[in-house]
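Scroll down for the structure; my scribbles are underneath it.
In the working numbering, the protein residues as written are -2 to 356.
Written out as structure tokens, the structure is:
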């Protein structure tokens, strides 16, 4: 099946453009693999669990795409570079690279061990660094390609119980801005874009490590991984600087820009309980921090009953510009109101003081 859509940066006319996706065995990565496969792309799949990747590869083929699975831990640069080379040899050089692999620990920072914190950082941040390096090894020489970073509203606004994850997502944004300007300096055709996501109904809440008494859950409005996958697809085709997905992402980012202290208090009061269900964490719970949990690899998590299938997607610069204009209008309106109030309240000067009323 020939691809129906190609990104602007794809300069060749291959029947099957190539995308590489990290974290492809579950959640958003798996849904993105399905999305690209449905469009007839060749899909390179990278994650730790090779058996789970083979399942995803078969799903992609059934949808009409080509697929190649290459097991690797994104925290290990040598493994990731080798996987990228294996995929390029089999499918061709990547036109799009999607960094999605992540790990987290639900816990106050004083209960996280240094080893746990390091592991979250190595997967969630350095995994994106390694993936970007692997993509650029191929793309820079060809002066074309798109790198899609799967981000989060938490890249702007840290929340309780996820200090390691929030720190990594903040770091990804700074790293991506740096690399983007380096590519702009050399007038490269390679484009970088970030898709900042809201809460997603992925298996992370079923297999993430937790030090809390009750099972983790997504906070606020929840969206299905397919909504995120469509956003990744659109970002690959039209790679703007940044996209914000979902109303909660817009409100979180803009709210933090306008009133971060107010958000501190709201999150402190609501987010610890808001990220836990009523169900106790059982002794049988397994987590995927240091090794995969094979039987939990799937696209969706346990919160489909409340998850929305679609979400609004807005370029970040548009949303940010709109908020600045709204803020400016609000400021001007408030200033005008105060000015009129002061004018009405100003006492008259002696020479213009009205004559006293007489009876």
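Even for Gly, the Cβ is constructed at its ideal location relative to N, Cα and C.
With a cutoff of 8 Å on beta-carbon distance, residue 260 and residue 253 are scored as near each other. Looking at the DSSP output, residue 184 sits in no beta bridge, so it has no partner there. DSSP links residue 239 through a beta bridge to 191.
Secondary structure note for residue 159: it is in no alpha helix (DSSP H), with a DSSP letter that is neither H nor E. Here the C-alpha atom of residue 249 lies approximately 7 Å from the C-alpha atom of residue 154. Secondary structure at residue 297: coil, using DSSP grouped into helix, strand and coil. Excluding its 5 nearest sequence neighbours in each direction, residue 147 has C-beta neighbours in its own chain below 7 Å: 25, 95, 96, 97, 192, 194, 229, listed in chain order. Under the three-state reduction of DSSP, residue 95 is assigned to strand. Contact annotation: the region 261 to 275 touches the region 205 to 214, with at least three C-beta pairs closer than 8 Å.
In summary, residue 108 is exposed, with fewer than 16 beta-carbon neighbours lying within 10 Å of its beta-carbon over all protein chains present. Counting along the chain, the unbroken beta strand (DSSP E) around residue 18 starts and ends at 15 to 19.
The continuous alpha helix (DSSP H) containing residue 111 extends over residues 111 to 118. When the five nearest sequence neighbours on each side are left out, the beta carbons in the same chain lying within less than 6 Å of the beta carbon of residue 233 are those of 4, 93, 143, 145, in order along the chain. Each of 207, 224, 256, 251 was checked against the Cα of residue 278, and the nearest Cα belongs to 207. Inclusion of residue 118 and residue 164 in the CB contact set at 8 Å is warranted, their separation being smaller than that value. Here residue 292 is exposed, its C-beta having fewer than 16 other C-beta atoms within 10 Å. Within the same chain, Cβ atoms closer than 7 Å to the Cβ of residue 308 are found at 195, 220, 224, 242, 243, the five residues on either side in sequence being excluded.
Residues 102 of the same chain have their beta carbon placed closer than 6 Å to that of residue 113, with the five preceding and five following residues left out of the count. Counting along the chain, the unbroken alpha helix (DSSP H) around residue 222 starts and ends at 222 to 234. Nearest to residue 133 by C-alpha distance, out of 168, 110, 85, is 85. Remark: C-beta atoms of residue 80 and residue 72 do not approach each other more closely than 8 Å. If the five residues before and after residue 16 are omitted, its C-beta is found closer than 6 Å to the C-beta atoms of 33, 38, 40, 93, all from its own chain and listed in chain order. According to the DSSP assignment, residue 280 belongs to no beta strand (DSSP E), since it is labelled neither H nor E. Residue 295 is positioned such that its CB atom lies no closer than 8 Å to that of residue 236.
Exposure of residue 258 is indicated by the presence of fewer than 16 other C-beta atoms within 10 angstroms of its C-beta. For residue 200, the three-state secondary structure derived from DSSP is coil. As a beta-bridge residue in DSSP terms, residue 207 pairs with 103. Taking 8 Å as the cut-off, the Cβ atoms of residue 209 and residue 158 count as close. Spatial neighbours of residue 88 in its own chain (CB-CB distance under 7 Å, excluding positions within 5 residues in sequence) are listed in chain order as 15, 39, 41, 63, 65.
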